[in-house]
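Asker: Residue numbers (full-length UniProt numbering), protein chains in the order written: chain B, 1 to 252; chain L, 1 to 252. Okay, here's the structure, questions in a sec.
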DNA sequence: TAGTCATAGTAAACGGCGTTCACTTCTGAG
DNA sequence: CTCAGAAGTGAACGCCGTTTACTATGACTA
């Protein structure tokens, strides 16, 4: 298994060249610009040859989405590892890395976090249990979140109200991560949807009518969110020691 | 100007028939399923005839997006008007109406609130100042929001910190609505992005890995959000007197 | 009423697309 | 050396958006 044959090497390079071409088209023209004929043309091939590597266009787009999930997850994990040991700094760096990647790669972000595209939807549904890419994302954010909120007075309704309102509707989340207190699970989902809403609205252009520099709004919102989690009175910034600007004006 | 000629009447009906067909295709197959040839086929026409009504496919999709904006805005305004005079009840009803429409019409929601689609992006950029559809949406939510938060102790950083961090980056929003205190503008944007993130994640299927009944999470989150705005200690539900379920399990 | 003219529609065509099928070339294992 | 299978080609089918030339017809005017 150690020595790949010559054919296997050629196949691997061709496969990655196909996905590189697909991503180039995605970046320049959006999802609908990805076409087998254009990819093959850029490679000096003909379109039917791609069918030796993917059963159809949708499967190619799905595989591309999977690669993008892994890429973003790696970036976020790297930001976490470079942020020191304090959970609040780790979470801050991870959220900033997420936004930074999304703003720098809007087409890629749209592919994996926007409208379900046929290929991506199939890819998302196919691995719905343990290896779901969204679930792995959640797990990455969940660990420092748990560390941060351990023993803290979380915002939101008290546990009994949560049990009454949410009941067992969070089982898909709690079943994956052992015994997760319901107030922690709720606080995590609340924070995750807040982060998503902020980043997605910026990337999709739905914030341009109201905000001049979305980066500033993001930093303010991030500070408020992490401050609320720690029970702070919504005060100062969360120790922006890492790479991101504590109160800057990120450029798009 | 009162009596439209026969030709004008025919033209109007044909135009709405075209948009009806486009919407039908949008609902059944997503944005990429909208095709001039399919619309014309359903109408018993040929595709080039549609060019008498729209310069190209993108313009048709943009017009459809504009209609959907108006439809959703009308529904939200109706929910507001049916919710009585208390701002908190109005906001509750409006948020519920927004989610209800989004869940009931995922394709339409995706078209106007998801990834920028060529035609929709052009439509969105074209009227970027006063008549921006997102801006009119914001205005609809802004009025009861202002009434609710008047004199209340808003969550989030104090005004001086906001001035330092956000500075004049909120001018696109404040310039449209007179003198808007910066803490109100920030609280409004924070609430709006939270609502968007919650609804968009549910509609796009990005919440299925964690939550069983997104409706329950929505109700909990909505109660917490409105409770925070009123300065309440994150307690009881916000007087669900209207139509929506106070703690129900909305079906998808 | 007869004439004119813009309007609404058609048919044909062009290029691009995903996908299939028959066919050729070439690699690598026995 | 042989040969099965992998990789790639070319042609074709049906779909698509869009353009062009052309026709019928409703509406206004002399």
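C-beta atoms are modelled at their ideal positions from N, C-alpha and C, and glycine is treated no differently.
1) Would a check of beta-carbon distances place residue 213 of chain L closer than 8 Å to chain B?
2) Applying a beta-carbon distance threshold of less than 8 Å, which residues of chain B neighbour residue 65 of chain L?
3) Under 9 Å between beta-carbons, which chain L residues line up against residue 69 of chain B? List them in chain order, please.
4) Nearest chain B C-beta to residue 101 of chain L closer than 8 Å, yes or no?
5) Where are the alpha helix (DSSP H) runs, 4 residues long or more, that stay fully inside the UniProt domain "HTH tetR-type" (12 to 72) of chain L, in chain order?
6) Assuming residue 25 of chain L contacts residue 87 of chain L under a Cβ cut-off of 8 Å, what Cβ separation, rounded to an integer in Å, is found between them?
7) Just to make sure I have the definition right: I need the residues of chain B whose C-beta is within less than 9 Å of the C-beta of residue 92 of chain L. Which are they?
8) With 8 Å as the C-beta to C-beta threshold (strictly closer), list the residues of the region 198 to 224 of chain L near chain B in chain order.
9) Could you tell me which whole alpha helix (DSSP H) segments of length 4 or greater appear in the region 138 to 215 of chain B?
10) Give a yes or no on whether 8 Å exceeds the smallest Cβ distance from residue 169 of chain L to chain B.
11) Rounding to the nearest angstrom, what Cα-Cα distance links residue 75 of chain L and residue 45 of chain B in this structure?
12) Under a CB-based cut-off of 8 Å, is residue 166 of chain B close to chain L?
13) Taking only beta carbons into account, state which residues of the region 102 to 119 of chain L come closer than 8 Å to chain B, listed in chain order.
14) Assess, as a yes-or-no matter, whether the region 137 to 147 of chain L is touched by the region 181 to 192 of chain L under the definition of 3 or more beta carbon pairs within less than 8 Å.
15) Taking Cβ to Cβ, would you say residue 195 of chain L is nearer than 8 Å to residue 211 of chain B?
16) Name the chain B residues that come within less than 7 Å of residue 135 of chain L, Cβ to Cβ?
17) Check residue 116 of chain L in the structure and name its three-state DSSP category.
18) With contact counted as at least three CB pairs below 8 Å, one residue from each stretch, are the region 31 to 49 of chain L and the region 82 to 98 of chain L in contact?
19) Among residues of its own chain, excluding the 5 on either side of residue 107 of chain L, which ones have a beta-carbon nearer than 7 Å to its beta-carbon?
20) Using a 10 Å radius around the Cβ and a threshold of 16 neighbouring Cβ atoms, would you call residue 223 of chain B buried or exposed?
21) Measure the Cβ-Cβ separation of residue 229 of chain L and residue 197 of chain B and say whether it is below 8 Å.
22) In whole angstroms, what separates the C-alpha of residue 118 of chain L from that of residue 85 of chain B?
23) For chain L, check one thing: does any of its Cβ atoms lie closer than 8 Å to the Cβ of residue 35 of chain B?
24) Report yes if the CB atom of residue 219 of chain L is closer than 8 Å to the CB atom of residue 103 of chain L, and no otherwise.
25) Looking at residue 32 of chain L and residue 32 of chain B, is the spacing between their C-beta atoms short of 8 Å?
26) Would you verify that the beta carbon of residue 156 of chain B is, or is not, closer than 8 Å to some beta carbon of chain L?
27) Determine the contact status of residue 156 of chain L and residue 183 of chain L, defining contact as a CB-CB distance below 8 Å.
28) Residues of chain L with a CB under 8 Å from the CB of residue 25 of chain B: which are they?
29) If residue 192 of chain L sits next to residue 172 of chain B, beta carbons under 8 Å apart, how far is it from one beta carbon to the other, in whole angstroms?
30) Taking a contact to mean a Cβ-Cβ separation below 8 Å, would you say residue 166 of chain L touches residue 166 of chain B in this structure?
31) Note down the Cα distance separating residue 73 of chain B from residue 137 of chain B, rounded to an integer number of angstroms.
32) Could you tell me the distance, in whole angstroms, from the CA atom of residue 141 of chain L to the CA atom of residue 159 of chain L?
33) Rounded to whole angstroms, what is the Cα-Cα separation between residue 163 of chain L and residue 80 of chain B?
34) To the nearest angstrom, report how far apart residue 244 of chain L and residue 225 of chain B are at their CA atoms.
35) Using a Cβ-Cβ cutoff of less than 7 Å, which residues in the same chain neighbour residue 249 of chain L once the five nearest sequence positions on both sides are dropped?
Answerer: This is what the structure holds:
1) By one-based count along the second chain, residue 213 of chain L stands at place 213. By this cut-off, residue 213 of chain L is an interface position.
2) By 1-based counting over the second chain, the position of residue 65 of chain L is 65. Near residue 65 of chain L there are no residues of chain B at all, since even the closest Cβ is about 13 Å away, more than 8 Å.
3) Translated into positions along the first chain, residue 69 of chain B becomes position 69. For residue 69 of chain B, there are no neighbours in chain L by C-beta distance under 9 Å, as the nearest C-beta there is about 12 Å away.
4) Here residue 101 of chain L corresponds to residue number 101 of the second chain, with the count starting at 1. Residue-level contact check: residue 101 of chain L does not touch chain B, since none of the beta carbons of chain B fall below 8 Å from its beta carbon.
5) Listed in chain order, they are 36 to 43.
6) Position 25 of the second chain holds residue 25 of chain L. Position 87 of the second chain holds residue 87 of chain L. About 40 Å; that fails the 8 Å criterion.
7) Here residue 92 of chain L is taken as the residue at index 92 of the second chain, counted from 1. Among the residues of chain B, none has a CB under 9 Å from the CB of residue 92 of chain L; the nearest is roughly 15 Å distant.
8) Going along the region 198 to 224 of chain L in chain order, one finds 198, 200, 201, 204, 205, 206, 207, 208, 209, 210, 211, 212, 213, 216, 217, 219, 220, 221, 223 and 224 with a Cβ nearer than 8 Å to chain B.
9) Qualifying alpha helix (DSSP H) stretches, in chain order: 159 to 166, 171 to 174 and 182 to 203.
10) Position 169 of the second chain, counted from the first residue, corresponds to residue 169 of chain L. In terms of beta-carbon proximity, residue 169 of chain L lines the interface with chain B, with at least one pair separated by less than 8 Å.
11) Your numbering for residue 75 of chain L matches position 75 in the second chain. Your numbering for residue 45 of chain B matches position 45 in the first chain. Using only the alpha carbons, I get a separation of about 52 Å.
12) Taking the first residue of the first chain as position 1, residue 166 of chain B is located at position 166. Yes, residue 166 of chain B lies at the interface with chain L (some Cβ there is under 8 Å from its Cβ).
13) Going along the region 102 to 119 of chain L in chain order, one finds 110, 113, 114, 115, 116 and 118 with a Cβ nearer than 8 Å to chain B.
14) Segment contact: the region 181 to 192 of chain L against the region 137 to 147 of chain L, three or more CB-CB distances shorter than 8 Å; contact assigned.
15) Start at 1 with the first residue of the second chain, and residue 195 of chain L comes out as number 195. Start at 1 with the first residue of the first chain, and residue 211 of chain B comes out as number 211. The beta carbons of residue 195 of chain L and residue 211 of chain B sit no closer together than 8 Å.
16) As a working note, residue 135 of chain L is residue 135 in the second chain. Here the neighbours are 209.
17) Within the second chain, numbered from 1, the residue matching residue 116 of chain L stands at position 116. Coil.
18) Using a Cβ-Cβ distance cut-off of 8 Å, the region 31 to 49 of chain L and the region 82 to 98 of chain L are not in contact, since fewer than three pairs of beta carbons, one from each stretch, lie closer than that value.
19) Taking the first residue of the second chain as 1, we reach residue 107 of chain L at position 107. The residues are 26, 27 and 30.
20) Along the first chain, read from residue 1 onward, the residue named residue 223 of chain B stands at position 223. Looking at its Cβ environment, which holds 16 or more other Cβ atoms inside 10 Å, residue 223 of chain B is buried.
21) Walking along the second chain from the start, residue 229 of chain L turns up at place 229. Walking along the first chain from the start, residue 197 of chain B turns up at place 197. No, these two residues do not count as a Cβ contact at 8 Å.
22) Residue 118 of chain L sits at position 118 when you count from the first residue of the second chain. Residue 85 of chain B sits at position 85 when you count from the first residue of the first chain. Spanning the two alpha carbons is a distance of roughly 44 Å.
23) Here the question's residue 35 of chain B lines up with position 35 in the first chain. Residue contact check for residue 35 of chain B against chain L: no CB pair falls below 8 Å.
24) Residue 219 of chain L sits at position 219 when you count from the first residue of the second chain. Residue 103 of chain L sits at position 103 when you count from the first residue of the second chain. Cβ distance not < 8 Å, so residue 219 of chain L and residue 103 of chain L don't count as in contact.
25) Locating residue 32 of chain B in the first chain gives position 32, counting from the first residue. Locating residue 32 of chain L in the second chain gives position 32, counting from the first residue. Yes, the pair counts as a contact, with Cβ atoms nearer than the cut-off.
26) Working through the first chain from its first residue, we reach residue 156 of chain B at position 156. Chain L, which has a Cβ nearer than 8 Å to the Cβ of residue 156 of chain B, makes this yes.
27) Position 156 of the second chain, counted from the start, is the residue given in the question as residue 156 of chain L. Position 183 of the second chain, counted from the start, is the residue given in the question as residue 183 of chain L. The Cβ atoms of residue 156 of chain L and residue 183 of chain L sit closer than 8 Å to each other.
28) Here the question's residue 25 of chain B lines up with position 25 in the first chain. Listed along chain L, no residue sits closer than 8 Å to residue 25 of chain B by beta-carbon distance, the nearest being about 15 Å off.
29) To locate residue 192 of chain L, count along the second chain from 1; it is residue 192. To locate residue 172 of chain B, count along the first chain from 1; it is residue 172. The Cβ separation is near 27 Å, so there is no contact.
30) Residue numbering aside, residue 166 of chain L sits at position 166 when the second chain is read from its first letter. Residue numbering aside, residue 166 of chain B sits at position 166 when the first chain is read from its first letter. No, Cβ-Cβ distance for residue 166 of chain L and residue 166 of chain B is not below 8 Å.
31) To locate residue 73 of chain B, count along the first chain from 1; it is residue 73. To locate residue 137 of chain B, count along the first chain from 1; it is residue 137. Cα atoms of residue 73 of chain B and residue 137 of chain B: separation of roughly 7 Å, rounded to the nearest angstrom.
32) One-based indexing of the second chain puts residue 141 of chain L at position 141. One-based indexing of the second chain puts residue 159 of chain L at position 159. Near 22 Å, if we compare the C-alpha coordinates of residue 159 of chain L and residue 141 of chain L.
33) To locate residue 163 of chain L, count along the second chain from 1; it is residue 163. To locate residue 80 of chain B, count along the first chain from 1; it is residue 80. Rounded to whole angstroms, residue 163 of chain L to residue 80 of chain B spans 30 Å at the Cα level.
34) Counting from one through the second chain, the residue named residue 244 of chain L turns up at place 244. Counting from one through the first chain, the residue named residue 225 of chain B turns up at place 225. The pLDDT assigned to residue 244 of chain L is 41, lower than 50, so where the model puts this residue is not dependable, and the model offers no usable value.
35) Residue mapping note: residue 249 of chain L aligns to position 249 of the second chain, counting from 1. Model confidence at residue 249 of chain L stands at a pLDDT of 40, short of 50, so the residue's coordinates are unreliable; what they give is reported in the following sentence. The beta carbon of residue 249 of chain L is closer than 7 Å to those of 213, 215 and 216 in its chain, skipping five residues each way along the sequence.
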